[in-house]
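Q: Using the numbering used here, the letters of the sequence shown map in sequence onto residues -11 to 79.
In this text, a Cβ means the ideal position worked out from N, Cα and C, and glycines have one as well.
Quantities reported herein were computed from a predicted structural model and do not represent experimental measurements.
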Amino acid sequence: MVYTSSVDGIHEVAIDYCGCQQSLPKTVQLLRARLFLSTVIDPKTAATFHVLNMFQMLSFTSKISAYEFYQALARRTDNTGTSTPPVRILV
-11 MVYTSSVDGI HEVAIDYCGC QQSLPKTVQL LRARLFLSTV IDPKTAATFH
39 VLNMFQMLSF TSKISAYEFY QALARRTDNT GTSTPPVRIL V
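#1: Is it a yes or a no for the region 34 to 54 touching the region 13 to 26, going by three-plus beta-carbon pairs under 8 Å?
#2: Take the Cβ of Thr33 as the centre, count every other Cβ of all protein chains shown within 10 Å, and call the residue buried at 16 or more, exposed below.
#3: What's the call for Ile(-2), buried or exposed, on a 16-neighbour Cβ count within 10 Å?
#4: With DSSP as the reference, identify every bridge partner of Phe57, one or two as the case may be.
#5: If we ignore side chains and look at the alpha-carbon of each, how far apart do Asn67 and Pro73 end up?
#6: Just reading off the alpha helix (DSSP H) that Thr36 is part of, what are its end residues?
#7: So the candidates are Val(-5), Leu18 and Glu0; which of them puts its Cα closest to the Cα of Cys6?
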């Protein structure tokens, strides 16, 4: 399982890696799927390139902090406040 953040919230996603003999490392497979990893050793958290572009645009134009952006993603995930997103997500 990999936790990903996209512009519509934070999600838990099941990932099937290629296991062929000529397969690329997991990190390369995730990057080719346009997922930016929080770590290169046993990745468990990633952000889509789209959400990173959105954060960059907002931080340049409105000076939003990473914390505020994460809180907005968490609200998009569940705006009721009844369940909190996983704490391992990093944007």
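A: Inspection of the coordinates gives the following:
#1: Counting Cβ pairs under 8 Å, three or more are found: they touch.
#2: Looking at its Cβ environment, which holds 16 or more other Cβ atoms inside 10 Å, Thr33 is buried.
#3: Residue burial annotation: Ile(-2) is buried, with at least 16 other C-beta atoms found within 10 angstroms of its C-beta.
#4: Answer by DSSP bridge pairing: none, since Phe57 is not bridged.
#5: Those two C-alpha atoms are separated by around 11 Å.
#6: Note, Thr36: premise wrong, no alpha helix (DSSP H); beta strand (DSSP E) at Thr33 to Thr36.
#7: If we check each option's Cα against that of Cys6, Leu18 comes out closest.
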